[in-house]
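Numbering (the UniProt record's numbering), first residue to last: 1 to 304. Notes follow the structure.
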């Protein structure tokens with residue numbers, strides 16, 4: 001499969017209810033909040049981990065048949081966790097073998113520690129920090145645990161946690177065809193990337209993440225070399241009649257894509273296609289009218 005030769009931009013929106021989309025280990029694992037704006041933050045590292053975990057669990061990138069994930073937790077015989085140098089030795093410190101087998105390095109790049117040196121690959125797929133499209137509030141929850149607080153005691157332990165009642169989180173990303181030449185990112189890899197974003201988010205069924213639902217995935221493909229619009233997520237606005245902190249469901253708002261459609265129209269001659277996947281519960285509007293993406297020029301539905 002040939003290396004990609006086309007630049008693309010990505011927008012991914014997903015929501016989460018009564019859960020913690022990305023805890024801050026330095027702040028009691030609370031959901032990350034921009035204190036000045038009340039916006040919920042999710043790191044790009046969290047999204048990349050979602051993609052890696054999906055590819056490992058569901059697509060066979062588990063170290064067998066020449067398909068692997070480079071950045072994953074592997075325990076040694078003594079139960080200690082491998083460091084980067086030990087991981088590189090799994091591939092005989094051969095960068096070519098790492099690129100051939102490890103899809104996450106082809107996507108996101110990485111540092112491969114070698115004896116006396118290291119090799120750094122810049123990832124062709126980059127994401128900004130995820131940010132909610134509205135202000136959120138934190139809910140503090142306290143409950144009882146399953147076990148006694150100590151041997152011979154009758155009282156149970158208490159658990160404490162913070163969750164967001166609702167958050168619609170948006171990520172912006174870019175696929176750089178120039179960096180892809182170094183990591184040898186292919187079209188098949190990109191298709192797995194999109195599947196990992198959508199299905200990985202949907203299948204992230206842990207106690208703190210259950211309740212996540214992918215809502216929109218856009219991939220704008222450019223026909224003009226080295227060109228892209230930039231910051232596409234910022235052209236999507238959330239419209240609601242509620243206070244933003246009161247939003248509890250996707251039915252509480254519309255997504256206004258007037259500005260997005262306008263900027264796509266302005267760059268019509270530079271865009272080859274706009275691929276999309278949308279959850280059926282999402283309502284889009286443009287100039288106060290409901291919009292169906294399937295009726296728009298250049299828009300093609302993704303088969304995920």
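Ideal Cβ placement from N, Cα and C applies to all residues, glycine included. None of these values were measured; they are calculated from a predicted model.
**residue 54 in three-state terms, based on DSSP** = helix
**Message:** What would DSSP say about residue 227, mapped onto helix, strand or coil?
**Reply:** coil
**Item:** Three-state secondary structure assigned by DSSP to residue 49
**Value:** helix
**Distance CB(residue 124)-CB(residue 206) smaller than 8 Å** = no
**Asked** Is it true that the CB of residue 273 sits closer than 8 Å to the CB of residue 221?
**Response** yes
**Item:** Own chain, CB closer than 7 Å to residue 200, minus 5 neighbours either side, in chain order
**Value:** 50, 51, 53, 54
**Item:** Nonlocal neighbours in the same chain, by C-beta distance under 7 Å from residue 115, ignoring five residues either side
**Value:** 93
**Request:** Tell me residue 186's beta-bridge partners as DSSP assigns them.
**Result:** 3
**Prompt:** Mapping DSSP to helix, strand and coil, what is residue 239?
**Reply:** strand
**Message:** According to DSSP, residue 132 sits in a beta bridge with which residue or residues?
**Reply:** 169
**Request:** Check residue 262 in the structure and name its three-state DSSP category.
**Result:** helix
**Request:** Could you tell me if residue 261 is buried or exposed, where buried requires 16 or more neighbouring beta carbons within 10 angstroms of its beta carbon?
**Result:** buried
**Message:** Which complete alpha helix (DSSP H) runs does the stretch 93-139 hold, if anything under 4 residues is left out?
**Reply:** 95-101, 103-108
**Item:** Local conformation of residue 180 per DSSP, three classes
**Value:** helix
**Three-state secondary structure assigned by DSSP to residue 213** = strand
**Message:** Please classify residue 243 as buried or exposed, where buried requires at least 16 other C-beta atoms within 10 Å of its C-beta.
**Reply:** exposed
**Request:** Give a yes or no on whether the C-beta atoms belonging to residue 38 and residue 30 are separated by under 8 Å.
**Result:** no
**Item:** Close beta carbons around residue 194, own chain, < 7 Å, minus the five adjacent residues each side
**Value:** 217, 219, 302, 304
**Request:** Could you check what DSSP says for residue 277 in three-state terms: helix, strand or coil?
**Result:** strand
**Asked** Between which two residues does the beta strand (DSSP E) containing residue 9 stretch?
**Response** 8-19
**Prompt:** Roughly how many angstroms separate the alpha carbons of residue 212 and residue 15, rounded to a whole number?
**Reply:** 6 Å
**Item:** Coil, strand or helix - residue 23 by DSSP
**Value:** strand
**Asked** Among residues of its own chain, excluding the 5 on either side of residue 170, which ones have a beta-carbon nearer than 8 Å to its beta-carbon?
**Response** 11, 12, 13, 130, 131, 132, 133, 233, 236
**Message:** If contacts are defined as beta-carbon pairs under 8 Å, then residue 305 and residue 283 qualify, I think. What distance do you get, rounded to the angstrom?
**Reply:** No statement about residue 305 is possible, as the shown extent of the chain runs from 1 to 304 and does not include it.
**Request:** Check the C-beta distance from residue 7 over to residue 175 and give it rounded, since I have them as a contact under 8 Å.
**Result:** 7 Å
**Request:** Enumerate in chain order the residues of its own chain whose CB-to-CB distance from residue 392 is below 7 Å, with the five nearest sequence positions on each side excluded.
**Result:** Residue 392 cannot be examined here, being either before or after the span of the chain that is shown, 1 to 304.
**Asked** Between residue 308 and residue 126, what straight-line distance do the alpha-carbon atoms span, to the nearest angstrom?
**Response** The shown model of the chain, from 1 to 304, leaves out residue 308, and the question about it has no answer.
**Request:** Whole angstroms is fine: what's the gap from residue 136's alpha carbon to residue 26's?
**Result:** 20 Å
**Prompt:** What is the rounded straight-line gap between the Cα of residue 159 and the Cα of residue 166?
**Reply:** 21 Å
**Asked** Going by alpha carbons, who is nearest to residue 253 out of 281, 110, 231, 43?
**Response** 281
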